[in-house]
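J.: Can you keep this structure in mind? I'll have questions shortly.
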Amino acid sequence: MTVLTDYLWFNTTERQEFIRITDQVAAIVTRSGVEEGMVLVSAMHITAAVYVNDWEDGLIHDFQVWLEKLAPSGRDYRHHQTGEDNADAHLKRTLMGHQVLLPITNGKLDLGPWEQVFYAEFDGQRKKRVVVKVMGTT
Amino acid sequence: MTVLTDYLWFNTTERQEFIRITDQVAAIVTRSGVEEGMVLVSAMHITAAVYVNDWEDGLIHDFQVWLEKLAPSGRDYRHHQTGEDNADAHLKRTLMGHQVLLPITNGKLDLGPWEQVFYAEFDGQRKKRVVVKVMGTT
Amino acid sequence: MTVLTDYLWFNTTERQEFIRITDQVAAIVTRSGVEEGMVLVSAMHITAAVYVNDWEDGLIHDFQVWLEKLAPSGRDYRHHQTGEDNADAHLKRTLMGHQVLLPITNGKLDLGPWEQVFYAEFDGQRKKRVVVKVMGTT
Chain A
171 MTVLTDYLWF NTTERQEFIR ITDQVAAIVT RSGVEEGMVL VSAMHITAAV
221 YVNDWEDGLI HDFQVWLEKL APSGRDYRHH QTGEDNADAH LKRTLMGHQV
271 LLPITNGKLD LGPWEQVFYA EFDGQRKKRV VVKVMGTT
Chain B
171 MTVLTDYLWF NTTERQEFIR ITDQVAAIVT RSGVEEGMVL VSAMHITAAV
221 YVNDWEDGLI HDFQVWLEKL APSGRDYRHH QTGEDNADAH LKRTLMGHQV
271 LLPITNGKLD LGPWEQVFYA EFDGQRKKRV VVKVMGTT
Chain C
171 MTVLTDYLWF NTTERQEFIR ITDQVAAIVT RSGVEEGMVL VSAMHITAAV
221 YVNDWEDGLI HDFQVWLEKL APSGRDYRHH QTGEDNADAH LKRTLMGHQV
271 LLPITNGKLD LGPWEQVFYA EFDGQRKKRV VVKVMGTT
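Here it is as structure tokens:
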């Protein structure tokens, strides 16, 4: 069995930003040589999400409006008594999910026609990481 | 290590439908011969979910009412400017989760007494797939 | 490939309780001898969650207030016609997620600086289990 680990680094210019990472993940899978297996893509920070959904700007806007409604910023969260101001980012990332596990079949990401992998940053403007771990047979 | 990949196909008669798939997943695990490992069950379409919860019609009704409240259909989503009318389905699937990873112990799904695997369709009446990928030792 | 399975048992004194389990999971990983791989941590009951987020009491309080708002207890859920009173616990666990898959690199949990693993109980005061399954190379 082969295991390959890599990390993607992000430092967004905006506090909130959604970044498509399908191609970076696919490149790591190719580099691993794994033909049959799985790849874990997981945010290493707790105010960011990794999720699979549509690559369509309107929908990404809808996600952002919806998350702000369900997990509003600027409220009097108890977490803010520590000096932080990002409790909403922890909640938003929870709604979107912190990781995905993608199947690898015949050496490629085995995704449906519209599946794209995204990194969703909810408290950016600092360096953050995503771990990408491939596991399978070559 | 053994890896086996299979796909479940769905074409629901209703736009929204929740379908129990525990037995189909268990049959694929049996067919793989894997004794110790894991099986990934993941929706390949971005308006459907795969989740683990109770096999009880009342609760499934509660899930549907709740999802409609948190992610209502028929709103003026920006995604609909593309001609789509299913933005709520993308949000609902996000709340329910798009995949599960189930442990296999002694050749069987290692589930708690009430754990059942479901496919939740939020934009059906068309052909859709779920990937089932088994990985482990025989 | 090595696969090791273990179970964590919980019997909370409160109906709702959030318990940090990072150290227990790390100990199982060490015991497995796996150097490169992954560990699945998954609730075996459908009114409990396993999630990764911050070890900060204020934020845990915020999570609880937020979950009660999005998935209130004490409502007239149809699931309660079965005699149950815990429909909200099923919804809350769905929001928090039922499992995580953690990377193992160089024999250790490969977590970001603030990542902690939690068991979130929403219908406690009874015996419940979490499965921990390690898979990888030694």
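Listed in order, the protein sequences are those of chains A, B and C. Those letters in the first sequence? Residues 171 to 308, by this note's numbering. Those letters in the second sequence? Residues 171 to 308, by this note's numbering. Those letters in the third sequence? Residues 171 to 308, by this note's numbering. C-beta: ideal position from N, C-alpha, C; glycine also.
#1: Anything in chain B within Cβ reach of L271 of chain C, meaning under 8 Å, just list it in chain order.
#2: Using a Cβ cut-off of 8 Å, pull out every chain B residue sitting near Q251 of chain C, in sequence order please.
#3: Are Q251 of chain A and Q186 of chain A touching if we call contact CB-CB under 8 Å?
#4: Thinking C-alpha only, which one of B:G253, B:D246, B:P283 and B:E238 is nearest K262 of chain B?
#5: I'd like to know whether the C-beta of L281 of chain C is nearer than 8 Å to at least one C-beta of chain B.
#6: Any idea what DSSP makes of F288 of chain A, helix, strand or coil?
#7: Strictly under 8 Å for the Cβ-Cβ distance: is L261 of chain A near chain B by that measure?
#8: How is I274 of chain B classed by DSSP in three states: helix, strand or coil?
#9: Looking only at its chain, what residues have a beta carbon closer than 8 Å to the beta carbon of Q295 of chain B, apart from the 5 residues adjacent to it on each side?
#10: Closer than 6 Å by C-beta to S243 of chain B: which residues in its own chain qualify, once you throw out the five before and the five after it? Chain order, please.
#11: Give a yes or no on whether the minimum CB-CB distance between T307 of chain A and chain B is below 8 Å.
#12: For I189 of chain C, which residues in chain B fall below 9 Å Cβ to Cβ?
#13: Specify, as a first and last residue, the run of the beta strand (DSSP E) that A241 of chain C falls within.
#14: Measure how close the beta-carbons of L279 of chain A and V222 of chain A come, nearest whole angstrom, since I'm counting them as under 8 Å.
#15: Would W236 of chain C be called buried (16 or more neighbouring beta carbons within 10 Å of its own) or exposed?
#16: Give every residue of the same chain whose Cβ lies closer than 7 Å to the Cβ of L265 of chain C, excluding the five residues on either side of it in the sequence, and list them in chain order.
#17: Would you mind sorting A197 of chain A into buried or exposed? The rule is 16 or more other CB atoms within 10 Å of its CB.
#18: Would you say A219 of chain A lies against chain C (beta-carbon separation less than 8 Å)?
#19: Ignore the nearest five residues each way along the sequence and tell me which others in L272 of chain C's own chain have a CB closer than 6 Å to its CB.
#20: Under 8 Å between the Cβ atoms of E226 of chain B and G306 of chain B?
#21: For S202 of chain C, which residues in the same chain have their Cβ closer than 7 Å to its Cβ, ignoring the five residues on either side in sequence?
#22: How would you call N256 of chain B, buried or exposed, if buried means at least 16 neighbouring beta carbons within 10 angstroms?
#23: Once the 5 residues before and after V270 of chain B are set aside, which same chain residues still bring their CB inside 6 Å of it?
#24: Which two residues bound the contiguous beta strand (DSSP E) that contains T252 of chain A?
#25: Taking the DSSP output, what are the residues bridged to N223 of chain C?
#26: Mark D246 of chain C as exposed unless 16 or more other C-beta atoms lie within 10 angstroms of its C-beta, in which case mark it buried.
#27: If the cut-off is 9 Å on Cβ atoms, which residues from the region 186-211 of chain B count as contacting chain A, listed in chain order?
#28: Could you list which residues in chain A have their beta carbon closer than 7 Å to that of M171 of chain B, in chain order?
#29: Just curious, the alpha helix (DSSP H) that D193 of chain C is in, first and last residue?
#30: Compare the C-alpha of E254 of chain B against each of B:I274, B:D293 and B:K297 and name the closest.
#31: So, are the CB atoms of D232 of chain A and R248 of chain B less than 8 Å apart?
#32: Comparing alpha-carbon positions, which option in C:I230, C:I189, C:T192 and C:W179 lies nearest H215 of chain C?
T.: On the basis of the supplied data:
#1: By Cβ distance, chain B contributes L271.
#2: G228
#3: no
#4: Across the set B:G253, B:D246, B:P283 and B:E238, the C-alpha of B:E238 shows the shortest separation from the C-alpha of K262 of chain B.
#5: no
#6: strand
#7: no
#8: strand
#9: N181, T182, T183, E184 and R185
#10: D258
#11: yes
#12: Going along chain B, no residue has its Cβ under 9 Å from I189 of chain C, so there is no contact; the nearest lies around 17 Å.
#13: A241 of chain C -> no beta strand (DSSP E), and no H or E assigned at all.
#14: Actually they do not touch by this definition, with Cβ atoms about 10 Å apart.
#15: buried
#16: L237, L240 and A241
#17: exposed
#18: No, A219 of chain A lies away from the interface with chain C (no Cβ there is under 8 Å from its Cβ).
#19: V209 and L279
#20: no
#21: T172, L174 and V304
#22: Buried is the call here.
#23: Here the set comprises V211, V220 and V222.
#24: No beta strand (DSSP E) holds T252 of chain A; DSSP gives it neither H nor E.
#25: C:Q286
#26: exposed
#27: Of all residues in the region 186-211 of chain B, only M208 and L210 place a beta-carbon less than 9 Å from a beta-carbon of chain A.
#28: Under the 7 Å cutoff, chain A gives M171 and T307.
#29: T192 to S202
#30: Nearest of B:I274, B:D293 and B:K297 to E254 of chain B, Cα basis: B:D293.
#31: Yes. Within cutoff.
#32: C:W179
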